[in-house]
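Numbering (the working numbering), first residue to last: 13 to 132.
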């Protein structure tokens, strides 16, 4: 399956913390008050809910990104946040409510972490 590798950015070293499968329309964001972990994936009927940040990390929205698989090589990425832009590494920023079709492999920088999207 297509995957997301989440790495924390700590000084000059990226620390890998988790990998998650992409399926359908995955929602990526921070922990909700009822969640027990800072990093996990939950299967939904339409895709996965992927938590990549603790609830106190206010620069990452609870629903920051939607990643819709279009094919094995392409996705539609939407910044769901009302306030927080994201940086598409080696490309541009994705402003709040903006969408863009991207080809695997690519990465997105969020505050304190980087998400690597890879195809099988």
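Ideal Cβ positions, reconstructed from N, Cα and C, are used throughout, including at glycine.
### Message
Taking 8 Å as the threshold (C-beta atoms), are residue 90 and residue 111 in contact?
### Response
The answer is yes: Cβ separation under 8 Å.
### Task
Out of 123, 93, 95, 82, point me to the one whose CA is closest to residue 101's CA.
Residue 101 has its Cα closest to that of 123, out of 123, 93, 95, 82.
### Query
Between which two residues does the beta strand (DSSP E) harbouring residue 86 extend?
Where residue 86 is concerned, the enclosing beta strand (DSSP E) stretches over 86-91.
### Query
Thinking C-beta only, is residue 42 closer than 8 Å to residue 78?
Cβ atoms of residue 78 and residue 42: not closer than 8 Å.
### Task
Using only alpha-carbon positions, find the residue among 86, 94, 21, 114 that is nearest to residue 75.
Per the Cα distances, 94.
### Query
Which residues share a DSSP beta bridge with residue 112?
Beta-bridge partners of residue 112 (DSSP): 89.
### Message
For residue 15 and residue 29, which I take to be in contact (beta-carbon distance under 8 Å), what is that distance rounded to the nearest angstrom?
### Response
Their Cβ separation, rounded to whole angstroms, is 14 Å, which puts residue 15 and residue 29 out of contact at 8 Å.
### Message
Is it buried or exposed, residue 53, if we count other Cβ atoms within 10 angstroms and call 16 or more buried?
### Response
Counting Cβ neighbours within 10 Å, residue 53 comes out buried, since at least 16 surround it.
### Query
How big is the Cα-Cα spacing for residue 61 and residue 104?
Taking the straight line joining both Cα atoms gives about 25 Å.
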